[in-house]
Each structure stands twice: as C-alpha cells, then as structure tokens.
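2 protein chains.
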Amino acid sequence: MEDNIKVILADDHQLVRQGIRALLEELGFIESVAEASDGRQVLQLLRNGLKAQVVLLDVEMPGMGGIETLEHLSRDFFGVRAIMLTMLNDRAVIQRAVDKGAKGYIFKNASLAELSDAISKVVAGGTYFASDVALALLQPSSDAGKLLSQLSEREVEILKLIAEGFSSAEIGKKLFISPRTVDTHRNNLIQKLQANGIAGLVRFAVLNKLV
Amino acid sequence: MEDNIKVILADDHQLVRQGIRALLEELGFIESVAEASDGRQVLQLLRNGLKAQVVLLDVEMPGMGGIETLEHLSRDFFGVRAIMLTMLNDRAVIQRAVDKGAKGYIFKNASLAELSDAISKVVAGGTYFASDVALALLQPSSDAGKLLSQLSEREVEILKLIAEGFSSAEIGKKLFISPRTVDTHRNNLIQKLQANGIAGLVRFAVLNKLV
DNA sequence: AAAATTCTCCGGAATTTCTCCTATTTTGTT
DNA sequence: AACAAAATAGGAGAAATTCCGGAGAATTTT
C-alpha cells in the first residue's frame, strides 16, 4: 500500500530478520521493503533508489556496523530515520548512536508493541528510547565499578577530595595526615585506575558520581 | 478489592491529583488509596499503617519535595516503590531521583497507557523510564550549554586538553602558543565557568562530554 | 602462629606547574 | 575609525607534583 510505513531491516542474522519482518507485517501498517546483513547493503539499497522512512539497525554487524552506518545515513540520506535495534546496552554505544543521529534505541527483547511504538513515534518526527536505555545511562558502568571496588576506603575518600579540587596539602590537613601520604595515595590511585594524571582521577570520580 | 494495586498520589495541585486518580480508577486494577500534597503527608500516611505498593511522587512540592521524600521512603518503607511523576526533565533531578531509589520516572504528559505500564512494571519489581528520560540524559544539559556557548573556540579547545590532563606547557607546545597564554585561557575558563580550580574544569568538561 | 600482602603512613629535594598582574596584538563589529 | 572581545605573552614568587626512598599496622593466607 501507499501510505504504509516502509522500513529496511539491517541485521546479520537471517533468522532475526525474518522473525522481525514477520512481526512487522502483522501490524498491517508497516511494510518491510528490504533486508540487509550489514550497513553497506543498507546504503546500497538506498542509493539504488529504494524508498524507506525507517531503518532498523543492529549495532554489531560484520563489515559496516550500525554506528558507522549512521554517519553515512545522516550525511547522504537525511530523511531516513534510524532506530537502533540491538542487544547492547552499553552506555558509550548508546551515546554514540544518538550523537550520530539515531532517533530511537530499543532492544531485541522488546515487545512487538514497543517496536511498533518506536517506529510510529520516529516516523512522526519524534524519538523513542526503551526504558532500559535510561537505566543503562543512569547506572555506573560495570567495569568502572570493578575498579572502584579495588580501592581502599581511604583511597576513595582521598579520591573524592582530589576530585573536589583540593591539593595534597589541603587534604592532608583535613584528614590529619602528611601531604606526602596524600601524594602516595594519589599516585596509587593513578596506578590502580590507570588514570593518566590527576585529570584522569577527576574524570573517573565524576563518571562514577563520587562527586 | 484485595489484589488491586494500591497507590498513593503525591502532588501539590489538587486538580492534578483528582485527574490522575480518575484515570487510574478507570483502569480497574489500580486503587488510589490516598492523596498527599507533599512528602511529609506521604510519610505520615504510611506511618499510620496505610498499605500501598506504589507512591507517585511529584518532584516540586512545598515543604518536603519528591527527592527528599525518596530518602525517607527508602529508609523507612523499603517495600514501597516510588515513581516520579513530574514535569521536570532536568538531568540532575533525574539522576538524583534514581540514586535515591526511584523505580520509575515519567512525565505529566504521559498517556494513561504509559502510566499504567509504569505502575505494573514497578510493582512487578522492575523499573520504568519514559522515553524522554533517556533523551534528557543523552543531551547536554541546557544551562551547561549556555555556559559552554559563552566560551570562545580557543577556550573550548584548551578546556578539552586540560581535561585530558595536559599541563600548560604541553598544551602550549601542541597549539604553538606560549604556556602563559594557556595559563590565561585557563584562568579565564575558571572565571567564566565559575569552576573552582582545575578540578572544576575537568568536572565541567566531563559532565558536558567534551572528553 | 608465621608469612605474605595490603594499607596506611611519612620525608627531602628536584622539578614542574600554577597564580597574579599587566600588557600587546589580532580579530570582529558597528 | 573606534571599540569590544578574544588571543597572545612575560616574569617572579608561590604552590603543587614527582620521584626517590622507608616503615609500622592491619588483614589475609598459608
């Protein structure tokens, strides 16, 4: 039909593509006009004149992945909106996807209703992000958490103060220890966190909401 | 009924409370057992033995606001789950709410379906965040954006390098300018951003995703 | 209980970096 | 051309960091 929403489905697993396609067709107002197993194919399809309003993009694909595809899409096919459909809930990935122009981000365990919702919203010019996206963004990243747990209490205490901008001397006064001790802790922190320098420590502290 | 979901509604505007209450009752499986116009009342109700699984909390309320209420809830009434229902989409507010134990965050322009969804998910032990929450978290905060726009290109450039841990000397070398010039820029940055010291600059840069 | 590890603590000296104050040049705007 | 804003820079003292080192106390392992 004419006023159906036309989507391209990009995922490197055929079964996933077929499954999602079947679901979409059930909805009645969405037409899966093409499938692609990587980003390059998506771009090829569009260059060949295929019309579509939405691309459902997996992030992990051999060849050209979803993020890279986004760059090309926003440059060459501005009108085509991309929704990421993936299993990755890594904060950096989400951030990058949105920075590169993704209008939506949902997970592969989403319900059909949610997928439908996302497509509708995005086609209407809006955005859609799964509930879990917010959760991923709000919670400290796990690997940073590991690093944090390797620090002693004293180190965490000092890390906080460093991130608040206090010098060794000032921290020493606060904690009734020698500034040299603070230095040692600071250096140990830099070691443990593989931070390069004090700025790295502050960055870590901020990212982990210690301050 | 017995197995209805029991919610307490906290908002300082009576009309809002009544409206939402009416909507909830329509759903059939949710029972609005009480209303409160601020956090203190919520706690009072619970202390008096009122049973409820969910509290819908506005953030802005006279007296005890939503965030403060969350602290008391998680301390004294652990089983009661809180969902923020507000107009605020400020990143800091969202972050604080979740840090203090909110299980959900939705906006007052949400549909009944969404509200219902949120309550169901949360009662089932999950979480629910409106799509716009993710959006708010992903986009640079507006007031920080204002500050950022007050900086010259050069200043932003130098801010980034500072946040990456380079000293004035190193930055000077990179940019082919005198370290003193970098000093000046740095000091101007501290002034403009009202950051206290270099750590403050790094913090700003990190929070605004310059690095 | 002994050993090993980790945490916490501290100092001196050399080096680097920051802080302040002031001032010139360049750029952009009306 | 006049003016404002941004970018540039020097010098000197104060402050902070780095880099060596060592050592007692607490915790964990053996």
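The listed protein sequences correspond, in order, to chains Z and A. This note's numbering applies: residue 1253 is where the first sequence begins, and numbers increase by one. This note's numbering applies: residue 1253 is where the second sequence begins, and numbers increase by one. We put the beta carbon where it would ideally sit given N, CA and C, even for glycine.
Answer with yes or no whether the minimum CB distance from residue i to chain Z is below 8 Å.
| i | result |
| --- | --- |
| residue 1448 (chain A) | yes |
| residue 1452 (chain A) | yes |
| residue 1296 (chain A) | no |
| residue 1443 (chain A) | no |
| residue 1270 (chain A) | no |
| residue 1408 (chain A) | no |
| residue 1434 (chain A) | no |
Which of the three DSSP states, helix, strand or coil, is assigned to residue i?
| i | result |
| --- | --- |
| residue 1338 (chain A) | strand |
| residue 1461 (chain Z) | coil |
| residue 1284 (chain A) | strand |
| residue 1456 (chain A) | helix |
| residue 1262 (chain A) | strand |
| residue 1429 (chain Z) | coil |
| residue 1403 (chain Z) | coil |
| residue 1291 (chain Z) | helix |
| residue 1470 (chain A) | Absent from the structure is residue 1470 (chain A), since the part of chain A shown begins at 1253 and ends at 1463. |
| residue 1296 (chain A) | helix |
| residue 1420 (chain A) | helix |
| residue 1391 (chain Z) | coil |
| residue 1271 (chain A) | helix |
| residue 1396 (chain Z) | helix |
| residue 1443 (chain Z) | helix |
| residue 1362 (chain Z) | coil |
| residue 1352 (chain A) | coil |
| residue 1376 (chain A) | coil |
| residue 1315 (chain A) | coil |
| residue 1331 (chain Z) | coil |
Tell me, to the nearest whole angstrom, how far the beta carbon of residue i is from that of residue j; I am working on the premise that it is less than 8 Å.
| i | j | result |
| --- | --- | --- |
| residue 1318 (chain Z) | residue 1336 (chain Z) | 6 Å |
| residue 1420 (chain A) | residue 1406 (chain A) | Wrong, their Cβ atoms sit about 14 Å apart, outside the cutoff. |
| residue 1281 (chain A) | residue 1260 (chain A) | Residue 1281 (chain A) to residue 1260 (chain A), Cβ: 16 Å. No contact. |
| residue 1294 (chain Z) | residue 1307 (chain Z) | 6 Å |
| residue 1284 (chain A) | residue 1276 (chain A) | 5 Å |
| residue 1326 (chain Z) | residue 1353 (chain Z) | 4 Å |
| residue 1346 (chain Z) | residue 1385 (chain Z) | 6 Å |
| residue 1454 (chain A) | residue 1454 (chain Z) | 4 Å |
| residue 1328 (chain Z) | residue 1264 (chain Z) | Not a contact, Cβ separation roughly 22 Å. |
| residue 1262 (chain Z) | residue 1304 (chain Z) | The pair is not a contact, with the Cβ atoms about 11 Å apart (cut-off 8 Å). |
| residue 1357 (chain A) | residue 1381 (chain A) | 5 Å |
| residue 1451 (chain A) | residue 1415 (chain Z) | 6 Å |
Tell me, please, which residues DSSP counts as bridged to residue i.
| i | result |
| --- | --- |
| residue 1304 (chain Z) | Residue 1304 (chain Z) pairs with nothing; no bridge assigned. |
| residue 1381 (chain A) | A:1357 |
| residue 1325 (chain Z) | According to DSSP, residue 1325 (chain Z) bridges with nothing at all. |
| residue 1413 (chain A) | DSSP output for residue 1413 (chain A) lists no bridge partner at all. |
| residue 1257 (chain A) | A:1282 |
| residue 1464 (chain A) | Residue 1464 (chain A) lies beyond the range of chain A shown here (1253 to 1463); nothing can be said about it. |
Using a Cβ-Cβ distance cut-off of 8 Å, determine whether residue i contacts chain A.
| i | result |
| --- | --- |
| residue 1438 (chain Z) | no |
| residue 1383 (chain Z) | yes |
| residue 1417 (chain Z) | yes |
| residue 1307 (chain Z) | no |
| residue 1266 (chain Z) | no |
| residue 1455 (chain Z) | yes |
| residue 1302 (chain Z) | no |
| residue 1459 (chain Z) | yes |
| residue 1311 (chain Z) | no |
| residue 1463 (chain Z) | yes |
Does the ligand COA have a heavy atom nearer than 7 Å to the CB of residue i?
| i | result |
| --- | --- |
| residue 1403 (chain Z) | This structure lacks the ligand COA, and indeed carries no ligand of any kind. |
> Any residues in the stretch 1362-1390 of chain A with a beta carbon nearer than 7 Å to a beta carbon of chain Z? Which ones, in chain order?
Replying inline: Listed in sequence order: 1379, 1380, 1381, 1383, 1385, 1386, 1387, 1389 and 1390.
> Which of the residues in the stretch 1344-1363 of chain A, read from start to end, lie with their CB under 8 Å from any CB of chain Z?
Replying inline: Listed in sequence order: 1346, 1347, 1350, 1351 and 1357.
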